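See structure below.
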Amino acid sequence: MDSSQLLKGVLDLAVLAVLNDRDGYGYDVVRRLREAGLQEVGDASVYGTLRRLFKAGALTSYVVASDEGPHRKYYGLNDVGRQMYAASAKTWAAFSATMAALLKEGQA
């Protein structure tokens, strides 16, 4: 199975989960997702997801000066983002439990 298709379906939730821990700038979010095991995640996909979630009103943003290059735009969850994260996490938990049950039945 092509895991990139699965990733597309859960990238919003994955980004929200990373930002639920602490605010982050674009590449920091990419790095944290990859460290969590999503090595296939693309930079452009994450940046696009951050922009889309920001436009949807789920994220706040602010700029921080960097000693290592240009300023960094940080993103964080606001109340809408926290609600979106909670609802999406609940949906994912129910869906993954259903899939786990289906897969267990298929192995019997």
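Each residue of the sequence shown is one higher than the one before, counting from 1 in the UniProt record's numbering. For each residue, glycine too, the CB sits at the ideal point set by N, CA and C. All figures in this text were calculated on a predicted structure; none of them were measured in a lab.
Pairing R72 with V80 gives a Cβ-Cβ distance that is not under 8 angstroms. With a cutoff of 8 angstroms on beta-carbon distance, Y74 and S61 are scored as near each other. Following the DSSP letters along the chain, one finds S61 inside the beta strand (DSSP E) bounded by residues L59 to V64. The criterion of a C-beta distance shorter than 8 angstroms is not satisfied by A14 and L53. T49 has its alpha-carbon roughly 15 angstroms from the corresponding atom of R34.
Residue G9 holds the alpha-carbon nearest to the alpha-carbon of S45 among K104, N78, T98 and G9.
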